[in-house]
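K.L.:
Right, I'll just put the structure down here and ask away after.
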Amino acid sequence: MAAKDKDRIVPLERMDEFDAIIDARSPAEFLEDHIPGAINLPVLDDTERRIIGTIYKQRSAFEARRLGAAWVAKNLARHLQERLQQYPPSWRPLVYCWRGGQRSGAFVTWLRMIGWSAAQLAGGYKTYRRWVLERLAELPAHFSWRVIAGPTGSGKTRVLQALELRGHQVLDLEALARHRGSILGAWPGGEAQPTQKAFDTALVAALRRFDPFRPVFVEAESKRIGLVQLPEVLHEAMRLAPMIVLDTPQECRLQLLLEDYGWLGDEPAALARRLERFKGFVPNETLRRWQELALRRDLATLFAELIARHYDPLYRRSLARHPELVQAPRVRLTGLDTAALEAACGEIEAWGSASELLPRPSSAAASARPP
């Protein structure tokens, strides 16, 4: 390959050399997932891409390329007149599309003709996605995990946040998934969960920031959080990791649920419909009562019954399947105020230095920093 070609088409490992990353794919492709920090400057919008694809398959490749070239030229002209006006001659952008083909190639050709030292990502997003999956298959084994467990409403997320404020490494899977994992765990405000691909990308970004020579605290989670799924390697590492169980008084648990889920009471009818998801888990009579409580906005009674009649029985059944939860050290969380959280963190730190919380061989930190 000539030196000029090497400057124009670069591998993934050189991505950090550039001033900006441009995603030339359609808005829908970008929304599904993209390289962190990339800006979306599509050479074909969603409708144009669909039309070109149809012409290519049903009529002729030549006709599709001819029409596509006209639309690409139109869209590139708009980007040059709008989003790209601000950049100096020294600006160095890296452009990618799905496979590093015609869309990013056309974009780079125009940018280089203007005078910018633009380059094309070899293999495009497809290569990046393969790299993400490879990292997910090997990164979790580099870390020493500490799992915070406990029944619903015991304050696991609050404790993780307090540990992070004290300088500890924390992986907040629910924040990445934008879901709390339970039947009513949707994020406030109707915010949608990321796609599986976007969740994977965010997870790799989080893992790569961790120091493998320090423990990482994480909340006990099932393999699925709402609509997204944890990588098998990470879930297994968490399953084998030392565990600490929070012991939180009932009144504190109810207070936490009212604080974290109180927004559900803003739309009583919508909450009543959400409760339909418990159908089959509780008797129909119980479900009707809960829906009546929702319509009356009596969240305190509703959440107390959810704890007593669904979540705690579910947790007790999990204890039977996971005896390590019974044997794990317990930390008392006496409240949700700063002093109570600090006290719980102090106990966790003390347990964390104890021999019974040392990682098992299968989840021990690797001797080298992960890539």
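Numbering (the working numbering), first residue to last: 851 to 1221. From the three backbone atoms N, C-alpha and C, an ideal C-beta is built for every residue, glycine too. Remember, it's a predicted structure, so these values are computed and weren't measured experimentally.
1) For the candidate residues A1048, I889 and S994, whose alpha-carbon lies nearest to that of H929?
2) Does the distance from the C-beta atom of G973 to that of G950 stay below 8 Å?
3) What's the gap between the Cα of F957 and the Cα of L926?
4) State buried or exposed for P861, treating a residue as buried only when at least 16 other CB atoms are found within 10 Å of its CB.
5) Could you compute how far the alpha carbon of S1205 sits from the alpha carbon of P1179?
6) From which residue to which residue does the alpha helix (DSSP H) around I901 run?
7) Out of L1057, P1092, Q1011 and P1001, which has the shortest C-alpha to C-alpha gap to H992?
8) With D1097 as the anchor, note down where its beta strand (DSSP E) starts and where it stops.
9) Using a 10 Å radius around the Cβ and a threshold of 16 neighbouring Cβ atoms, would you call F1153 buried or exposed?
10) Going by DSSP, what residue range makes up the alpha helix (DSSP H) through P877?
11) If you follow the alpha helix (DSSP H) that Q1046 is part of, which residue opens it and which one closes it?
12) Are there 16 or more other CB atoms within 10 angstroms of the CB of E897, so buried, or fewer, so exposed?
13) Return the CA-CA distance between S1217 and P990, expressed in angstroms with no decimal places.
14) Going by beta-carbon coordinates alone, are Y1161 and T1002 separated by less than 8 Å?
15) Compare the C-alpha of P877 against each of M865, R864 and R900 and name the closest.
16) Would you call the stretch 862–871 and the stretch 1024–1039 touching, i.e. three or more CB-CB distances under 8 Å?
17) Could you check what DSSP says for R1028 in three-state terms: helix, strand or coil?
18) Can the beta-carbon of L1121 be found closer than 8 Å to that of A1144?
19) Can you tell me whether M851 is helix, strand or coil according to DSSP?
20) Just how far apart, CA to CA, sit L912 and L983?
21) Any chance the stretch 958–966 sits against the stretch 1063–1077, with 3 or more Cβ pairs inside 8 Å?
22) Only counting the same chain, and skipping five residues up and downstream in sequence, which positions put a Cβ closer than 7 Å to that of P892?
23) On a Cα-Cα basis, can you pick out the residue from S910, T1007 and G1017 that is closest to L1023?
24) With respect to the alpha helix (DSSP H) encompassing D1162, which residues constitute its N-terminal and C-terminal limits?
25) Assuming D873 is part of the beta strand (DSSP E), what are its boundary residues?
26) Using a Cβ-Cβ cut-off of 6 Å (strictly less than) and excluding sequence neighbours within five positions of R942, which residues of its own chain qualify?
27) Whole angstroms is fine: what's the gap from P886's alpha carbon to A1052's?
28) Kindly indicate which three-state DSSP category W995 falls into: helix, strand or coil?
29) Jot down the residue ranges of each uninterrupted beta strand (DSSP E) in the stretch 1070–1147, minimum 3 residues, whole runs only, in chain order.
30) Can you tell me whether R1016 is helix, strand or coil according to DSSP?
31) What do you get for A987, buried or exposed, if any count of 16 or more other CB atoms within 10 angstroms of its CB means buried?
32) In the DSSP assignment, the alpha helix (DSSP H) including Y978 goes from what residue to what residue?
33) With DSSP as the reference, please indicate the residues paired to N890 in a beta bridge.
34) Let me make sure I understand the geometry here. Which of H1029, D1050 and T1098 has the alpha-carbon closest to that of Q1043?
35) DSSP state of F1063, grouped into three classes?
P.N.:
In brief:
1) As a first step, residue 929 must be located in the sequence shown, where it is residue number 79. It is I889.
2) By 1-based counting over the sequence shown, the position of residue 973 is 123. By 1-based counting over the sequence shown, the position of residue 950 is 100. Closer than 8 Å, so yes.
3) By 1-based counting over the sequence shown, the position of residue 957 is 107. By 1-based counting over the sequence shown, the position of residue 926 is 76. For the pair F957 and L926, the Cα-to-Cα distance works out to about 7 Å.
4) Here residue 861 refers to the residue found at position 11 of the sequence shown. Under this definition P861 is an exposed residue.
5) Working through the sequence shown from its first residue, we reach residue 1205 at position 355. Working through the sequence shown from its first residue, we reach residue 1179 at position 329. In this prediction, S1205 has a pLDDT of 38, which is less than 50 and means its spatial position is unreliable; nothing more can be read from the coordinates.
6) Along the sequence shown, read from residue 1 onward, the residue named residue 901 stands at position 51. Where I901 is concerned, the enclosing alpha helix (DSSP H) stretches over D896 to Q908.
7) Numbered from its first residue, the sequence shown carries residue 992 at position 142. Comparing Cα positions, the closest option is L1057.
8) Indexing the sequence shown from 1 puts residue 1097 at position 247. The continuous beta strand (DSSP E) containing D1097 extends over residues M1093 to D1097.
9) Numbered from its first residue, the sequence shown carries residue 1153 at position 303. Buried is the call here.
10) In the sequence shown, counting from the first residue as 1, residue 877 sits at position 27. Its alpha helix (DSSP H) spans residues P877 to E882.
11) For the purposes of this step, residue 1046 is taken as the residue at position 196 of the sequence shown. Q1046 to R1058 is the extent of the alpha helix (DSSP H) around Q1046.
12) Taking the first residue of the sequence shown as position 1, residue 897 is located at position 47. One detail in the question is off: residue 897 reads as Thr in this sequence, not Glu. By the neighbour-count rule (16 or more Cβ atoms within 10 Å), T897 is not buried but exposed.
13) Sequence index remark: in the sequence shown, residue 1217 carries index 367 (1-based). Sequence index remark: in the sequence shown, residue 990 carries index 140 (1-based). Caution is warranted here: a pLDDT of 28 is assigned to S1217, below 50, making its placement in the model unreliable, and no coordinate value can be reported.
14) Looking up residue 1161 in the sequence shown gives position 311. Looking up residue 1002 in the sequence shown gives position 152. Going by C-beta atoms, Y1161 is nearer than 8 Å to T1002.
15) What you label residue 877 is simply residue 27 of the sequence shown in a count that begins at 1. The option with the nearest alpha carbon to P877 is R900.
16) With a cut-off of 8 Å, the stretch 1024–1039 and the stretch 862–871 do not count as touching, because too few Cβ pairs lie within range.
17) Walking along the sequence shown from the start, residue 1028 turns up at place 178. Shown here, R1028 sits in coil according to DSSP, grouped into three states, outside any helix or strand.
18) The residue given as residue 1121 occupies position 271 in the sequence shown. The residue given as residue 1144 occupies position 294 in the sequence shown. A distance below 8 Å separates the beta carbons of L1121 and A1144.
19) Stepping through the sequence shown from its first residue, residue 851 is reached at position 1. Confidence in M851 is poor, its pLDDT being 42 and thus under 50, which makes the residue's placement unreliable; the coordinate value appears in the next sentence. Of the three classes helix, strand and coil, the one that applies to M851 here is coil, per DSSP.
20) Reading the sequence shown from its first residue, position 62 is the one you call residue 912. Reading the sequence shown from its first residue, position 133 is the one you call residue 983. Sequence inspection shows Phe at residue 912; the Leu mentioned does not correspond to that position. Distance from the CA atom of F912 to the CA atom of L983, rounded to whole angstroms, is 35 Å.
21) The way I'd put it, the stretch 958–966 doesn't touch the stretch 1063–1077; fewer than three beta-carbon pairs between them come closer than 8 Å.
22) Within the sequence shown, residue 892 is the residue found at index 42, counting from 1. Excluding sequence neighbours, P892 sits near A874, R875, S876, P877 and N925.
23) Numbered from 1 along the sequence shown, position 173 holds the residue referred to as residue 1023. Residue T1007 is the option with its Cα nearest to L1023.
24) The sequence position of residue 1162 within the sequence shown is 312, counting from 1. DSSP places D1162 in the uninterrupted alpha helix (DSSP H) bounded by D1162 to R1171.
25) Locating residue 873 in the sequence shown gives position 23, counting from the first residue. A870 to D873 is the extent of the beta strand (DSSP E) around D873.
26) Indexing the sequence shown from 1 puts residue 942 at position 92. Non-local C-beta neighbours of R942 in its own chain, meaning closer than 6 Å and more than five positions away in sequence, comprise F868, D869 and S967, ordered along the chain.
27) Residue numbering aside, residue 886 sits at position 36 when the sequence shown is read from its first letter. Residue numbering aside, residue 1052 sits at position 202 when the sequence shown is read from its first letter. Using only the alpha carbons, I get a separation of about 8 Å.
28) Against the sequence shown, residue 995 aligns to sequence position 145. Collapsing the DSSP output to three states places W995 in a strand.
29) Within the stretch 1070–1147, the complete beta strand (DSSP E) runs of at least 3 residues are 1093–1097.
30) Numbered from 1 along the sequence shown, position 166 holds the residue referred to as residue 1016. Of the three classes helix, strand and coil, the one that applies to R1016 here is coil, per DSSP.
31) As a position in the sequence shown, residue 987 is number 137, starting the count at 1. Per the 10 Å Cβ criterion, exposed.
32) Position 128 of the sequence shown, counted from the first residue, corresponds to residue 978. Residues G974 to E988.
33) Here the question's residue 890 lines up with position 40 in the sequence shown. D873, per the DSSP bridge assignment.
34) Within the sequence shown, residue 1043 is the residue found at index 193, counting from 1. Across the set H1029, D1050 and T1098, the C-alpha of H1029 shows the shortest separation from the C-alpha of Q1043.
35) Mapped onto the sequence shown, residue 1063 falls at position 213. It is coil, neither helix nor strand.
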